[in-house]
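Undergrad:
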Amino acid sequence: MPDQTKPFGSPGTNIARGGKSLYGAPLGILMLEARFPRVPGDMGNGQTWPFPVLYRVVRGASPDRVVCNAAEGLLDAFIEAARDLVDLGAEALTTNCGFLSIYQRELAEAVKVPVATSSMMQVPWVQATLPPGQRVGIVTVNSSGLTPAHLSAIGVPADTPVRGTENGVEFFRTLIKAEKTDLDLALACQDVVGAACELVAAHPEVGAIVLECTNMPPYAAAVREATGRPVYDIYSLVTWFHAGLRPQTF
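Terminal number for the sequence shown in my numbering: 1442, no gaps in between.
1) How would you write the range of the beta strand (DSSP E) that Gly-1399 sits in, first residue to last?
2) Give the DSSP-derived three-state secondary structure of Met-1193 in the structure shown.
3) What are the partner residues of Ala-1181, as DSSP defines its beta bridges?
4) So what does DSSP say about Tyr-1247, is it helix, strand or coil?
5) Measure the C-alpha to C-alpha separation of Thr-1339 and Phe-1442 and round it to an integer number of angstroms.
6) Just to check my reading of the structure: Ser-1213 and Gly-1281 have Cβ atoms closer than 8 Å, yes? What is that Cβ distance to the nearest angstrom?
7) Compute the beta-carbon to beta-carbon distance between Ala-1387 and Thr-1406, rounded to the nearest angstrom, for a pair I have assumed lies under 8 Å.
8) Can you tell me which residues form a DSSP beta bridge with Val-1423?
9) Which term fits Ser-1293, buried or exposed, when burial requires 16 or more other beta carbons within 10 angstroms of its beta carbon?
10) Under DSSP, the alpha helix (DSSP H) around Val-1315 begins and ends at which residues?
11) Could you name the residues that DSSP lists as bridge partners for Leu-1219?
12) Look up Leu-1252 in the DSSP assignment and say whether it is helix, strand or coil.
13) For the segment 1349-1409, which segments carrying the beta strand (DSSP E) assignment without a break, of at least 3 residues, lie completely within its bounds, in sequence order?
14) For Gly-1360, which residues in the same chain have their Cβ closer than 6 Å to its Cβ, ignoring the five residues on either side in sequence?
15) Can you check which of these residues, Ser-1311, Pro-1410, Ala-1393 and Ser-1336, is closest to Ala-1378 by C-alpha distance?
16) Return the CA-CA distance between Val-1278 and Leu-1266, expressed in angstroms with no decimal places.
17) In the DSSP assignment, find the alpha helix (DSSP H) that holds Arg-1438 and state where it starts and stops.
18) Roughly how many angstroms lie between the CA atoms of Gly-1145 and Gly-1211, to the nearest whole one?
19) Could you check which residue in His-1342, Cys-1389, Val-1249 and Phe-1243 has the C-alpha nearest to that of Glu-1272?
20) Of the residues Cys-1381, His-1342 and Gly-1420, which one's Cα is nearest the Cα of Gly-1399?
21) Just to confirm before moving on: does the CB-CB distance between Leu-1391 and Ile-1330 stay below 9 Å?
22) Whole-angstrom Cβ separation of Ser-1311 and Tyr-1215, contact assumed at under 8 Å?
23) Sort His-1342, Gly-1436 and Glu-1362 by Cα distance to Val-1354 and report the nearest one.
24) Over the uninterrupted alpha helix (DSSP H) stretch that includes Arg-1227, give me the two end residues.
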């Protein structure tokens, strides 16, 4: 006789739970509104992640407004977008710009789920790994815009050594100032690596580097090679963050 066993067991013993619009992507990403290329490794490229994610673009949140003007006037828009992602099915949120650390408390309070606004949240963790006398340094897209308020909002010491790419030839003017929509990847890499090398030259006590900008992971390996320091970025933060949402089954 044919096997009459049901593939899902007996009725009432294997119930699929509803309540969301989308499934299988527990992490939501709040995106800035921009048109520059997002290559693999960039947070805004879906192929960067080894798991599905949900994206939501926050209209009006240009990189220049967020990075150079402390996201002034955008809190309500980010909260609305964050709530929308949670309503769709996100169980935790992160953001597409490290400068949104300034809204860490407000976003977490508004959505009532875990929120990780910035790769710079790793600074205290990485500091705990370093031997005495060494410090964590930050490479940012814009050092002049990274204020003590951005750092204190996520528990990063105000005197943390920082270098930016704003004086470079490609990275800042394409991603933040939107002077063009094409990106020369070699020149962008030179800008990021150059800022990292300036950082360790000025602060030889820097024993590890955190890349603030979510567009910098494609250049992390080059920074590691040039400086000889461990490098952490939004990729290392988000993969750790997601691991708590979906722990590995052994």
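Just so you know, even glycine gets a beta-carbon here, dropped at the ideal spot from N, CA and C.
As the structure is a prediction and not an experimental result, all values here were calculated from the model.
TA: The structure says:
1) Per DSSP, Gly-1399 belongs to the beta strand (DSSP E) from 1398-1403.
2) Low local confidence applies: a pLDDT of 49 at Met-1193 is under 50, so the model's placement there is unreliable, with the coordinate-based value given in what follows. Looking at Met-1193 - three-state DSSP - the assignment turns out to be coil, as it is neither helix nor strand.
3) There is simply no residue 1181 to check, as the chain begins at 1193 and stops at 1442 in what is shown.
4) Strand at Tyr-1247.
5) Put simply, the backbone Cα of Thr-1339 is about 43 Å away from that of Phe-1442.
6) Yes, Ser-1213 and Gly-1281 are in contact; Cβ-Cβ is about 6 Å, under 8 Å.
7) Contact flag wrong, Cβ pair sits at about 15 Å.
8) Looking at the DSSP assignment, Val-1423 forms a beta bridge with Ile-1401.
9) Taking all protein chains in view, the Cβ of Ser-1293 is crowded by 16 or more other Cβ atoms within 10 Å, so the residue is classified as buried.
10) 1315-1321 is the extent of the alpha helix (DSSP H) around Val-1315.
11) Per DSSP, Ala-1284.
12) In the sequence as presented, Leu is not what sits at residue 1252; that position holds Gly. The answer is coil: DSSP assigns Gly-1252 none of H, G, I, E or B.
13) Entirely contained in the segment 1349-1409, the beta strand (DSSP E) runs reaching 3 residues are, in chain order, 1354-1356 and 1398-1403.
14) A distance below 6 Å between beta-carbons, with the five flanking residues on each side excluded, links Gly-1360 to the following residues of its chain, in chain order: Asp-1383.
15) Closest by alpha carbon: Pro-1410.
16) One alpha carbon belongs to Val-1278, the other to Leu-1266, and they sit about 19 Å apart.
17) The continuous stretches of alpha helix (DSSP H) do not include Arg-1438, and DSSP gives it neither H nor E.
18) The structure shown does not extend to residue 1145, since the chain spans only 1193 to 1442, so no value can be given for it.
19) Selection His-1342, Cys-1389, Val-1249 and Phe-1243 evaluated against Glu-1272 yields Val-1249 as nearest (Cα-Cα).
20) Ranking the options by Cα distance to Gly-1399, first place goes to Gly-1420.
21) Their beta carbons are under 9 Å apart, which means Leu-1391 touches Ile-1330 by this criterion.
22) The pair is not a contact, with the Cβ atoms about 27 Å apart (cut-off 8 Å).
23) Looking at the Cα atoms, His-1342 is the closest of the given residues.
24) Arg-1227 -> no alpha helix (DSSP H), and no H or E assigned at all.
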